[in-house]
Structure formats: C-alpha cells, structure tokens
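A.B. asks: Going line by line, the protein sequences match chains R and E.
Counting from 1, position 69 in the first sequence corresponds to residue 69 in full-length UniProt numbering; the numbering is continuous, with no gaps.
Counting from 1, position 97 in the second sequence corresponds to residue 97 in full-length UniProt numbering; the numbering is continuous, with no gaps.
2 protein chains.
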Amino acid sequence: MGTDDRAPGRPRSKEADAAILGAALELFIERGAEATSIEQVARRAGVTRATVYRRFPDKTRLLIATLEAAYGNPPRSPRIVDVEQLVAGWTLVLSDPRQRRLLRRVYGAIEDNPELARAYHDQFGRHRDQARREVFERARARGLLPADSDPDVVLDVLTGAGWQHLATRPDTGTADEVERFLRAVLHQVGYRPGRPVEGDQ
Amino acid sequence: MGTDDRAPGRPRSKEADAAILGAALELFIERGAEATSIEQVARRAGVTRATVYRRFPDKTRLLIATLEAAYGNPPRSPRIVDVEQLVAGWTLVLSDPRQRRLLRRVYGAIEDNPELARAYHDQFGRHRDQARREVFERARARGLLPADSDPDVVLDVLTGAGWQHLATRPDTGTADEVERFLRAVLHQVGYRPGRPVEGDQ
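1) In the region 111-175 of chain R, which residue ranges form an unbroken alpha helix (DSSP H) of at least 4 residues, counting only runs that do not cross its ends?
2) In whole angstroms, what is the alpha-carbon distance linking R/L103 and E/S13?
3) In terms of residues, what are the limits of the alpha helix (DSSP H) holding R/T48?
4) From E/V178 to E/L92, what distance separates their C-alpha atoms?
5) Are the region 24-36 of chain R and the region 32-40 of chain E touching by the rule of at least three beta carbon pairs closer than 8 Å?
6) Does R/Q85 have its Cβ less than 8 Å from a Cβ in chain E?
7) In this structure, how does DSSP classify R/T3 when only helix, strand and coil are distinguished?
8) Taking C-beta pairs closer than 8 Å, name the residues in chain E that R/S37 reaches, listed in chain order.
9) Helix, strand or coil for E/G89 per DSSP?
10) Using a C-beta cutoff of 8 Å, does E/I110 count as contacting chain R?
11) Mind listing the chain R neighbours of E/D34? Cutoff is C-beta to C-beta under 9 Å, in chain order.
12) Quick one: does R/G46 have its CB under 8 Å from some CB of chain E?
13) By how many angstroms is the C-alpha of R/R49 removed from the C-alpha of R/K59?
14) Indicate the three-state DSSP secondary structure (helix, strand or coil) for residue 253 of chain R in the structure shown.
15) Go ahead and pull the three-state DSSP assignment for E/R31.
16) Using three-state DSSP, classify E/R180 as helix, strand or coil.
17) Identify the contact partners of R/A184 in chain E, using a Cβ-Cβ distance below 7 Å as the criterion.
18) In chain order, what residues of the same chain lie with their CB nearer than 8 Å to the CB of E/E26, ignoring the 5 residues before and after it?
19) Per the contact definition of three or more C-beta pairs closer than 8 Å, is the region 132-139 of chain E in contact with the region 148-156 of chain E?
20) What residue range does the alpha helix (DSSP H) around R/T66 cover?
21) Go ahead and pull the three-state DSSP assignment for R/I20.
22) Buried or exposed for R/R192, please, with buried defined as at least 16 other CB atoms from any protein chain shown within 10 angstroms of its CB.
23) Grab me the residues of R/F181's own chain with a C-beta within less than 7 Å of its C-beta, minus the 5 sequence neighbours each way, in chain order.
24) Name the chain E residues whose beta carbon is nearer than 8 Å to that of R/R105?
25) Considering only residues of the same chain and omitting the five flanking positions on each side of R/E39, which have a CB-CB separation below 7 Å?
26) Does the distance from the C-beta atom of R/A42 to that of R/F56 stay below 8 Å?
27) If you reduce the DSSP assignment to three classes, tell me which class R/I80 lands in.
28) Counting contacts by CB-CB distance shorter than 8 Å, is R/D171 in contact with chain E?
29) Classify R/G190 as helix, strand or coil using the three-state DSSP reduction.
30) Just how far apart, CA to CA, sit E/I110 and E/V83?
31) When you compare only the Cα positions, how much space is there between E/A16 and E/F28?
32) Applying the criterion that 16 or more other CB atoms from any shown protein chain within 10 Å of the CB defines a buried residue, is R/G108 buried or exposed?
33) Under 8 Å, Cβ to Cβ, is there at least one residue of chain E near R/R101?
34) Please list the partners that E/A161 has in chain R, where partner means a Cβ-to-Cβ separation under 7 Å.
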C-alpha cells in the first residue's frame, strides 16, 4: 500500500474508482476477461497501475467489482414480486445491446476465468436465483404453473432460454420481440398468466 | 500456392491435414478462437505456416474445418428418429468434458468471432436444428408433447438448457445426471414419453 493515496471516500478517490470501474467494464465488454489487463484498465481510466492495484489486488477482483457496479450493488430490484415482473426485467436486459454483450462475456469467462464466473454466481447469481425460484414456487401455488412443475427446472429453462436468445438472436431486436420470446418459453413450460387465481392445486 | 506441396489425398498430405486439424482443435479448446493463431497451430502440428495457409486461407476457415472434423462431416447421426434418440445423443455430448469445453468455446466465439459462429450455424447448426424440429413435430403429432407445443420453442428451450447445463454444472457429471437434467426439462415442457401412442390430438 502506498502512502500517497487519499483516504477512501474523498472526492478524488471516488472519481478514480468510477474511472477504473467504467474502464474495466468497457474493456471487459470489448475484449472479454482473458484479454483485459490491469495495465489496459489503468491506461484507459487515466490512472497509474498502482492506483488500480491499491483498490483491486488482481484482475478477478477488479472484474467482480466491475460487474457488481454494472448490475448495482445492492441489486437494483432485490424483490421480484411475480413472473410478470421477472419477464419485464429480463425483457429490459435482453433488449439492451450492451447488456447482451456483457452477458455473453460473462458466459465466455466460464471457460477462461472460472473464479470470476464462480464469484459472480456466489455474490449475485445465487441470491437472484433464489428470489426467482420463489417466484416460480408462488406461481405454482397459485395455479399459474402446472402442479408438478419444478421451480428449479423452470429457472434453468428460462435462464437457458436467455443464453439461447443471446446466442441466436440479433442484438438489434426490440423489447416486444424479446418479450414474445420469453412468453413463448413460459407458455411451453405451462405458465398460464390468465388462469383464475383461486388457490393451490 | 507453392509448388513443393504434394497432390491432395497423397499420404503425407493427409497426415498434415490431420495434424493441423488436431492441433487447431486442441488450441481452440484450450484458448478459444481469439487467442488461437495460425502460427501456433502450425507449430503444434509440426508443419510450416505455409502448409497451413495452403489449406486454409484464414483462421476462421481453419476453425470451421476443425469443428467440421470434430463433429463429423457428414454428421455422424444425420437422422434423428425421435426424442429418445435426441436425449441419448445430447447425454453423450453433455457428459463428455472435452465436448463441454468445445461447446463453451463455440459459445464464446459468438462475441469475438461472429463469422465463425455464423458459418458454424450455417453449415451444421441449421441442418441439425431442422432435424430436431421435425422430431418435436412428430412427437406433438403422436401426442407425446402438448397439442399447442411450438417445436421451435421446444428446440430453443432444450438448446438453452444445454447452454445452462454447460454453464452451471461441473464437467465431471455422469451420463445419468445429464440424462435426468434433460428429462426434467422435457417433462417441464410437457413431454410424456409414456403416453399411449394412439394418434394425433
């Protein structure tokens, strides 16, 4: 640790934080985890390498902080009320070209940088997946999903459909197209939002 | 074109072909499309760069030929008879650690090397997807899938579930685990292999 750095939270330090995380996000989207280096991040952020290393001891921790900042920490919508809200949220993400590239880079990091993928899952994915699973459990309880549905499987199916959309559909699709895709997948797994909500079955 | 190369199909030439494609496959799995170069492939194959370039004018065409060889051309099982055979085939692929890494690299190439992903889809994916779609159409006609199923959606769901499995399950899983996963997904989309086959409904 150098002694020339200011106390955390002081304005210059916060500016450096934002510049570093912004540069890291850009580079991660442009090149992926493997081809991004602390050196490049420092150069693009206009700070020294030492300034980056004082905050992030290695590239993996820098990239985790970058994803954390990109997705919001705490997560922007920690409470997902129902399937409809989940569809709305995923539609926003999957119709945003920048988010699409970011997510494909996260998938690409699984192979080259498994610690990043694992840390990302531990810090964000697991938490959100639990909230989503509960949404599907409630939908099943309300009769909006077949009684023999497995919320874990529904979550795998919907997440997988997201990867498939990212892999096979153009990044120029509209929100309407994305929503139709997600609703077709949910219909195929038996989700029927129009069903009268009477009770558990 | 050099004049020192032998006619195609002569033993030495076939050996060089195999060495080049084998080296390219190894490097693609180890490093991905972006980090693989013709230079590295030549070195690992024990041939000159010129020998590689005489066969493949650029890296993308080399990698397409590599995938073609890895998956078999013509494809090893061009005819997929029914959903059960499809499950058996995918189970083999998804329980093979090397194939898993290869497929994640193919996904990773979408971002860095879209021509490769597109060419791969045009030459292989499209053809196989059509065969799979027909399998789901027949399953629906036989009452093994709900009457309102969309074969395209079922295919997106199953392919997506494959990406999800590759992203979230360890590469050490057994064929039994993979098959249970695929069957759970198919069950969720309404596939009921045990249903009496009486006719269209």
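Even for Gly, the Cβ is constructed at its ideal location relative to N, Cα and C.
These numbers were taken from a predicted model, which means no experiment stands behind them.
C.D. replies: On the basis of the data shown:
1) 114-120, 126-141, 151-168
2) 42 Å
3) Note, R/T48: premise wrong, no alpha helix (DSSP H); not H, not E.
4) 9 Å
5) yes
6) no
7) Confidence is the limiting factor: at R/T3 the pLDDT is only 47, short of 50, which leaves the residue's position unreliable and the question unanswerable from this model.
8) Under the 8 Å cutoff, chain E gives no residues; its nearest Cβ is about 13 Å from R/S37.
9) helix
10) yes
11) The residue asked about is misnamed: residue 34 of chain E is Glu in this sequence, not Asp. Near E/E34 (Cβ distances below 9 Å), the residues of chain R are R31, G32, E34, A35.
12) no
13) 12 Å
14) Nothing about residue 253 of chain R can be read from this structure; chain R reaches only from 1 to 201.
15) helix
16) helix
17) D150, V153
18) R44
19) yes
20) 59-71
21) helix
22) exposed
23) H165
24) E111
25) R49
26) no
27) coil
28) no
29) coil
30) 28 Å
31) 18 Å
32) buried
33) yes
34) D156, V157, G160
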